[in-house]
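Structure first, commentary second.
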Amino acid sequence: METQLDPMKDDLPLMANTSYMLVKHYILDLDVDFKNKVVEGSIVLFFETGSQYRKSSSTGKERCQSQFDENAKMGASEPCHIPMINVSTCSSKTKYNDFAVSGKEEEATSGENSNHSNNEQAPGISSSKDCCDMENHGNKDFLLVLDCCDLSVLKVEEVDVAAVSGIEKFTGSAKLTGVSKELENLRNQIVHELVTLPADRWKEQLHYFTHCSQAPGCGELLFTTGSWSLEIRKSGIRTPADFPHAIRIWYKTKPEGRSVTWTTDQSGRPCVYTTGSPINNRALFPCQEPPIALSTWQASVRTAAGFVVLMSGENSAEPVQLQEGILSWYYYVSMPMPASTFTIAVGCWQEVKQQSFKQTAAIQTNTEFSLPSSQADFRCPEEICGHVEYPCRFQNPAARLQAVIPHRVFAPWCLMESCEEYLLQLIPQCLSAAYTTLGTHPFSRLDVLIVPSNFSSLGMASPHIIFLSQSVLPGGSHLCGTRLCHEIAHAWFGLAIGARDWTEEWISEGFATFLEDIFWARAQQLSYDEIKGQQELKALLRWRRLRDEVQNSEEELQVLRPKKESTGELSESGASVVKYGLKAEKIFMQVHYLKGYFLLRSLARTIGEASYLASLQKFVLKFHGQLVLSQDFLCMLLEDNPKQKESGLTVESIFQNWLDTSGIPK
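In structure tokens:
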């Protein structure tokens, strides 16, 4: 029996037992009710059996295996064939700060839901509870654990995917009729075939996911909700392999739920949006929160006419009128991402459009400047990708040449003029500068939304969408431009490349802070002396801010790698905690931004900026679509620059001086 992990009150528990069952696709079907301030509907989850579990043919017993890199396996048609231990991407990036929380942790003493079950939710993380300890608990049902908080779960049911018309192509020679046990196995076989389709069939895959999500239920499942989790079981099912691999959960959010904020925009109109909560999206939909749970998703969201639904989807959705006064918006993603990157904003947003065609043409011509000679050196040969299979833009010749991706700006009516004056001109310049620096844009489009005034950060980046605070608008082009560059940098560092362990927040924020200076200098097309003067001034201001923070904060919060050599480790079930993830003081702290920035700046000055940027480009090519730890970057950087390694600069010395200690390195 594995020991129970009991997180401190300041730590964020990640409860999902991803090692036993791993979600591969979500389909959300939701209604937004502004009158009652709830989002309600259903979510269908499609699973694969997790990597910790396998059936042993020699003994006939079900066993748990200790390695968890199974889900990095490539599909049969995978064009990218350098497998990596790490697998893809991270969470939505919130400025200042990702894992902070305001207010006290709520006690879950009321409103807990259960269905035919009196099981009490354990306060900590029990990684083997009713799950996969077959020798000691062979007579117990398997328990699927999802991350869930502040939700009213109404019903959980198995989905009869075998009832979908045309699904026979995924059943091979098996029959769609037979005894109950055979039908259960057949349904799981259908889901397996569907989630493992090769990347070039992604449209067909989404088509069948949609139809499967609309299939009838074929039996309710038992469930219990607790303060941090939703536990689901099926009577008599004792192994993950036999557990239903497609389930539907009917639920609704609570007005006080911490994943979304109900408020009014600057024009006084109601709106709701994900604010980058420290608990991520578990109060918006039941999910698997750990970064390793990479999944694709589709979402249909219905709301009253007059509202616009923006999401972190690949497509620019057009509303469909279902009935008078009701519109439906549909989004999807085909790149597997953690559930924490899912972002939604519903409000009476107005799209800001350029009034002058000539001015737009001039901006496009001016910013899509010719590439430096090094650009061809970091274009992506097909064999270089190391991520799980998906339709990768780094494999698309047209995408690799796209300096400026399609983009839109949305804002409340009263801020449209300010957005037109600054943002519309800056976005193509900043996108082009980022492309010149790092190469292929990981995402195919970008929406920028000016969020309500209660937004506590300057910005937040998610796939395909950036939230900006209204505070950047009065600062003119400089403040808008630097903040845009910071958020755009997260497309590469934080999203396309994410931290395998969320405590290594510096991997996202340190890189974005460092790169915002590079992007912004290129966007302005400054001279060498102007660039150096601007960057030295910003470094001085950041150093003063970091010095003041170090003098006035707890030492434990100044450590960039607080779990040290345990960073990235999971329990047997896949459950873990984000150390200090709920600590209230973190909302005021910028140490991961500033100390991470100074580490990268120090490395760039030691190695030389040209060599350093070349290594960054190589790192992006090698690790896009994957999860990384600090040593993945540092090892590659030192291998690319052996002279520094020979002179005594080592991964261990960087850990000791920068990442594993408090304070500012001498």
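Each residue of the sequence shown is one higher than the one before, counting from 1 in UniProt numbering. A virtual CB, placed ideally from N, CA and C, is assigned to each residue, including glycine.
Could you tell me the distance, in whole angstroms, from the CA atom of residue i to the CA atom of residue j?
i, j, result
"Ala246", "Val161", "8 Å"
"Glu569", "Glu193", "30 Å"
"Phe467", "Val272", "13 Å"
"Leu426", "Arg408", "12 Å"
"Val156", "Asn657", "50 Å"
"Glu368", "Tyr528", "Confidence at Glu368 is low in this model, with a pLDDT of 36, below 50, so its placement is unreliable and no value can be given for it."
"Thr661", "Val559", "5 Å"
"Lys618", "Arg483", "25 Å"
"Leu599", "Gln551", "19 Å"
"Ser152", "Val145", "16 Å"
"Leu659", "Trp543", "17 Å"
"Ser611", "Arg601", "13 Å"
"Glu549", "Ile664", "10 Å"
"Glu504", "Val195", "30 Å"
"Leu627", "Gly325", "43 Å"
"Phe410", "Lys666", "45 Å"
"Glu565", "Ile654", "13 Å"
"Glu646", "Glu609", "19 Å"
"Leu222", "Gly236", "11 Å"
"residue 722", "Cys635", "In this structure the chain extends from 1 to 666, so residue 722 is not present and cannot be described."
"Lys203", "Glu182", "29 Å"
"Glu420", "Gly306", "22 Å"
For residue i, which residues in the same chain have their Cβ closer than 6 Å to its Cβ, ignoring the five residues on either side in sequence?
i, result
"Lys254", "Asp150"
"Gln205", "Leu197"
"Ser213", "Ile27, Val44"
"Pro270", "Phe34, Thr264"
"Asn188", "His245"
"Gln631", "Val651"
"Ser615", "Leu637, Asp640"
Might you give, ordered along the chain, the residues of its own chain that have their beta carbon closer than 8 Å to the beta carbon of residue i, omitting 5 neighbours on each side?
i, result
"Phe493", "Ile507, Ser508, Phe511, Ala512, Leu515"
"Leu649", "Thr606, Leu638"
"Arg393", "Ala399, Arg400, Thr440, His441, Pro442, Phe443, Ser444"
Taking the continuous beta strand (DSSP E) assigned at residue i, which residues delimit it?
i, result
"His25", "21–33"
"Cys392", "Element bounds for Cys392: n/a, residue is neither H nor E."
"Phe223", "222–225"
"Pro336", "326–337"
"Val651", "Here Val651 belongs to no beta strand (DSSP E); instead the alpha helix (DSSP H) covers 651–654."
"Gln350", "350–352"
"Ile232", "229–233"
"Ile466", "465–468"
"Ala345", "344–347"
"Ala304", "295–304"
"Lys155", "151–159"
"Gly459", "459–462"
"residue 684", "The displayed coordinates of the chain run from 1 to 666. Any statement about residue 684 would go beyond what the structure contains."
"Cys271", "270–274"
Residues in its own chain within less than 7 Å of residue i by CB, not counting five upstream and five downstream?
i, result
"Gln644", "Thr606, Ile607, Leu638"
"Phe342", "Asn281, Trp297, Ser312"
"Phe519", "Cys430, Ala433, Ala434, Thr437, Cys485, Ile488, Ala489"
"Ser418", "Leu473"
"Ala163", "Ala215, Pro216"
"Pro290", "Leu14, Ala16, Thr18, Gly574, Ser576"
"Lys37", "Pro255, Trp262"
"Leu230", "Leu146, Cys148, Val153, Phe223, Pro286"
"Met416", "Gln350, Val352"
"Asp517", "Gln535, Lys538"
Assuming residue i contacts residue j under a Cβ cut-off of 8 Å, what Cβ separation, rounded to an integer in Å, is found between them?
i, j, result
"Thr303", "Leu327", "6 Å"
"Ser51", "Ser573", "With 8 Å as the limit, Ser51 and Ser573 do not qualify as a contact, their Cβ atoms being about 12 Å apart."
"Lys457", "Gly596", "The residue you asked about is not Lys; residue 457 is Ser in the sequence shown. Wrong, their Cβ atoms sit about 17 Å apart, outside the cutoff."
"Ser453", "Gln266", "6 Å"
"Leu540", "Val591", "That pair is no contact at about 17 Å."
"Trp329", "Leu449", "Wrong, their Cβ atoms sit about 14 Å apart, outside the cutoff."
"Val301", "Val32", "6 Å"
"Ala241", "Ser259", "So it is not a contact: roughly 32 Å between Cβ atoms."
"Ile279", "Leu12", "7 Å"
In the DSSP assignment, find the unbroken alpha helix (DSSP H) run with residue i in it and report its ends.
i, result
"Ile518", "506–524"
"Cys385", "Note, Cys385: premise wrong, no alpha helix (DSSP H); not H, not E."
"Ile664", "Taken as a continuous stretch (DSSP letters only), Ile664 belongs to no alpha helix (DSSP H), as it is neither H nor E."
"Ala500", "The question names Ala, but residue 500 in the sequence shown is Arg. Neither: Arg500 is in no alpha helix (DSSP H) and is coded neither H nor E."
At a cut-off of 7 Å, would you count residue i as near the ligand FAD, judging by its Cβ distance to the nearest heavy atom?
i, result
"Leu438", "The model depicted lacks the ligand FAD and carries no ligand whatsoever."
Of all the CB atoms in chain C, is at least one closer than 8 Å to the CB of residue i?
i, result
"Glu168", "Chain labels in this structure do not include chain C; a single protein chain is all it has."
Validate contact between the segment 457–475 and the segment 296–313 using beta carbons, cut 8 Å, 3 pairs | Counting Cβ pairs under 8 Å, three or more are found: they touch.
Are the segment 566–584 and the segment 399–408 touching by the rule of at least three beta carbon pairs closer than 8 Å?
-> Counting Cβ pairs under 8 Å, fewer than three are found: no touch.
On the three-pair Cβ rule with 8 Å, is the segment 442–450 touching the segment 288–306?
-> Taking 8 Å as the limit for Cβ pairs, the verdict is that the segment 288–306 does not touch the segment 442–450.
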